[in-house]
Structures are given as C-alpha cells and as structure tokens.
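Worksheet: the structure to be examined is printed underneath.
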Amino acid sequence: MDIIYDPSNTEILTVEYQEDHPISAKKLNIGEKVGEKPVLPEYLTALKPTASRLLDAAEKENEKRKEKTSATAISFRHMRKEGGGNV
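With the working numbering, letter number 86 in the sequence shown gets 69, and the count goes up by one each step, no holes.
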C-alpha cells in the first residue's frame, strides 16, 4: 500500500493498493454533509442550574458545625472554693 501526499495540495490524499485503482480522499468539512439542526423539545434542552448539590451540602454541614459550637460554654471565672480562694 502506498500513500501519496502532495505538500503543495494538502486537500487531496491518494492511496494506492496493489493492482487496484488509486483512491483519492479529500478533506471533509462536516458542515457540508449535515443539514440544519432540529429543534429539541423544551424538556430536552439544557437548563441552567438553580442550585448546587455541593453548595447545599456545604451549607448543611456549616449549620451542623454552628449548632455544635454554639452550645453554652461554662465559665468558672466567678466560682470560688469554699475556703474563699479562686478555683
């Protein structure tokens, strides 16, 4: 099999195989062979997301963290021993 490439004409490539007739291939532009794109029904079109599952999960975890850290802290600042000294 021989592949013939002419650098002066990059649009055509020729392939020769044994005793068969040479085959010429030209550059294919997809737009030439494709018709107009059909209109999709509305339920199949892409929708812009209104929320993110990742952000929703992060917000829930943040709320849990706030609940854990917002527990009332015990302060021993004003407590004294029975003998009158500070703790």
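Think of the CB as a built atom: it goes at the ideal place given N, C-alpha and C, for glycine as much as any other residue.
Residue interval of the alpha helix (DSSP H) (run including residue i)
| i | result |
| --- | --- |
| L38 | R36 to T52 |
Per DSSP, the bridge partner or partners of residue i
| i | result |
| --- | --- |
| T(-3) | I(-13) and S7 |
Option nearest residue i by Cα separation, candidates the options
| i | options | result |
| --- | --- | --- |
| S7 | E(-6), I13 and E19 | E(-6) |
| L(-4) | H4, D39 and I(-13) | I(-13) |
| M(-16) | Y26, H4 and P24 | H4 |
Inter-residue Cα distance where the pair is residue i and residue j
| i | j | result |
| --- | --- | --- |
| K51 | P32 | 31 Å |
| V(-2) | N12 | 20 Å |
| R36 | E44 | 12 Å |
| V22 | D(-11) | 42 Å |
| K47 | A41 | 10 Å |
| L27 | E19 | 18 Å |
| G14 | A29 | 23 Å |
| Y0 | K9 | 17 Å |
| E2 | S(-9) | 26 Å |
| K49 | A34 | 22 Å |
| E17 | L38 | As written in the sequence, residue 17 is Val, which differs from the Glu given in the question. V17 and L38: Cα-Cα distance of roughly 41 Å. |
Any non-hydrogen atom of the ligand SAH closer than 6 Å to residue i Cβ
| i | result |
| --- | --- |
| D(-11) | With respect to the ligand SAH, the structure offers nothing, as it holds no ligand at all. |
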